[in-house]
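Residues in the sequence shown are numbered consecutively from 1, following my numbering. Glycine is no exception: its CB is placed at the ideal position from the N, C-alpha and C atoms.
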Amino acid sequence: MSHYMVNIDGKEFELKLEKQTDGFKVIINNKEVHAVANKLGESRTLLLVDNIANEIDVRSNGFDSTRKVFLKGQEIEVEIEDYNLAQLKKTAGMSSERKVDKLLKSPMPGLVLEIKVKKGDQVKKGQPLVIIEAMKMENVLKAASDGVIKDIYVNNNDSVEKADKLLEFE
1 MSHYMVNIDG KEFELKLEKQ TDGFKVIINN KEVHAVANKL GESRTLLLVD NIANEIDVRS
61 NGFDSTRKVF LKGQEIEVEI EDYNLAQLKK TAGMSSERKV DKLLKSPMPG LVLEIKVKKG
121 DQVKKGQPLV IIEAMKMENV LKAASDGVIK DIYVNNNDSV EKADKLLEFE
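Rendered as structure tokens:
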């Protein structure tokens with residue numbers, strides 16, 4: 001059984017995962033659920049948890065254990081770390097906090113529907129910044145941390161590609 005510490009939008013969970021013939025046994029903070037994952041594309045997955053289906057889009061920056069998960073048009077930041085490593089870091093007084101990127105880049109190709117901030121605005125972690133329409137779904141991109149908007153590189157109704165710069169933090 002694999003054992004992880006998972007941080008979802010700042011909330012920490014202990015997760016155990018065991019592969020079974022018909023999916024996975026998942027134990028989250030001592031609550032057991034059954035999950036089945038069916039890959040739909042490069043980053044899209046149909047996830048069935050206790051017979052409730054949701055389509056998710058999972059994006060990795062390729063540099064650390066953080067993933068951006070898009071579920072029902074909302075962006076959720078998920079960090080997954082080996083449980084023993086996470087405990088070792090805590091014991092050693094090391095923070096599992098990662099360096100926050102100063103650039104917000106588009107996680108996928110799409111259309112900028114709305115920019116919810118202006119240059120110079122102070123933003124709080126989790127605050128909506130930009131709404132992008134992709135695959136006929138609205139995706140709300142949120143601030144990964146508190147900060148100040150230094151520059152905005154796009155306008156409403158601009159088409160963007162994956163990894164295009166959207167805005168920059170000071």
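- Taking all protein chains shown into account, residue 156 has fewer than 16 neighbouring C-beta atoms within 10 Å of its C-beta and is therefore exposed.
- In terms of CA proximity to residue 28, 16 leads the group 39, 83 and 16.
- Just so you know, the alpha carbons of residue 69 and residue 109 end up roughly 15 Å apart.
- The beta carbon of residue 138 sits closer than 6 Å to the beta carbons of 73 and 131 from its chain, once the five residues preceding and following it are set aside; these are given in chain order.
- Counting other Cβ atoms within 10 Å of its Cβ, residue 160 reaches 16 or more and is therefore classed as buried.
- A residue is called buried when at least 16 other Cβ atoms come within 10 angstroms of its Cβ; residue 2 does not meet this threshold and is exposed.
- The DSSP-derived three-state label of residue 53 is strand.
- Residue pairing of residue 91 in beta bridges, as defined by DSSP: absent, with no partner found.
- The beta strand (DSSP E) runs of length 3 or more contained entirely in the region 1-72 are, from start to end of the chain, 2-8, 11-20, 23-28, 31-39, 44-49, 52-60 and 66-71.
- Assignment of residue 139 by DSSP, reduced to helix, strand and coil, places it in the strand class.
- Secondary structure of residue 86 (DSSP, three-state): helix.
- Of all C-beta pairs linking the region 73-85 to the region 139-147, three or more are shorter than 8 Å, placing the two stretches in contact.
- Under the three-state reduction of DSSP, residue 146 is assigned to coil, being neither helix nor strand.
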